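When you line the sequence shown up against mature numbering (1 follows the signal peptide of the UniProt record, and there is no 0), it's residues -23 to -1, 1 to 157, in that order.
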Amino acid sequence: MAKAPTFSLISILSLGICLPTNSQNTKLSNTQAERTHLHFYAHKALRGDVTAVVVAQAATSNTYRYRFGEMTVFDDRLTEGPNLSSRVVGRAQGMYASADISNPAYLSVYNLVFTEWGLNGSTLSILGRYASLSAERELPVVGGTRNFRFARGHARIRTYLDDLETGRSVDEYDVYVMHS
């Protein structure tokens, strides 16, 4: 009987010795992280030279006030200022789906792809709930590439312009991220 517990104890100790030698500590402390604040505008066009198109919808989407179940893919221009003539600094590329039956709120999944400010090719990934009637929306930054590796943070988004006649809207972004 004494042999079984001894064998189990030796096995557990051996496993405990092996595991730490095969792992690496990748924790990024707050003192090592770089903090960045970005301010820009995103331009969406639903008519004319469109930047967003509906790609899927449920058979019942038309029966809901806010088109529950409809999915849209977009590639919006990011600019330094609120005007279309402002300097282009990147693109917002991704999709959103109407995910609330009774309110205009969307599951949003997209990348902010930067082409200026010394960030050419760097991206930030955003995933969260976009409640379009809120005065300010806050969505989490869940990752990034190049200059924004290990990014985490949040984007604060406010409507700057929403023109139903032209189908054009502009959102103002303040993005706060910590990254390596």
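The C-beta atom is built at its ideal place from N, Cα and C for all residues, glycine as well. Source: prediction; values computed, not measured.
My understanding is that residue i touches residue j, with C-beta atoms under 8 Å, so please give their C-beta distance in whole angstroms.
i: Leu61; j: Phe17; result: Not quite, the Cβ-Cβ distance comes to about 13 Å (not below 8 Å), so this is no contact.
i: Arg24; j: Thr143; result: 7 Å
i: Glu11; j: His156; result: 6 Å
State the DSSP-derived secondary structure class of residue i, mapped to helix, strand or coil.
i: Glu142; result: coil
i: Asn88; result: strand
i: Thr37; result: coil
i: Leu(-11); result: With a pLDDT of only 46 at Leu(-11), under the threshold of 50, the placement of this residue in the model should not be trusted; the figure read from the coordinates follows. Reduced to three states, the DSSP call for Leu(-11) is helix.
i: Arg64; result: coil
Pull up the distance between the alpha-carbon of residue i and that of residue j, whole angstroms please.
i: Ala35; j: Val119; result: 28 Å
i: Val86; j: Thr100; result: 13 Å
i: Val32; j: Met48; result: 6 Å
i: Pro117; j: Tyr153; result: 10 Å
i: Glu57; j: Arg114; result: 20 Å
i: Arg126; j: Thr40; result: 43 Å
Considering only C-alpha positions, which residue in the set the options is nearest to residue i?
i: Ile78; options: Ala22, Leu84, Arg44; result: Arg44
i: Arg68; options: Phe125, His20, Leu84; result: His20
i: Val30; options: Thr92, Leu138, Asp52; result: Asp52
Between the stretch 103 to 112 and the stretch 64 to 80, are three or more C-beta pairs nearer than 8 Å?
yes
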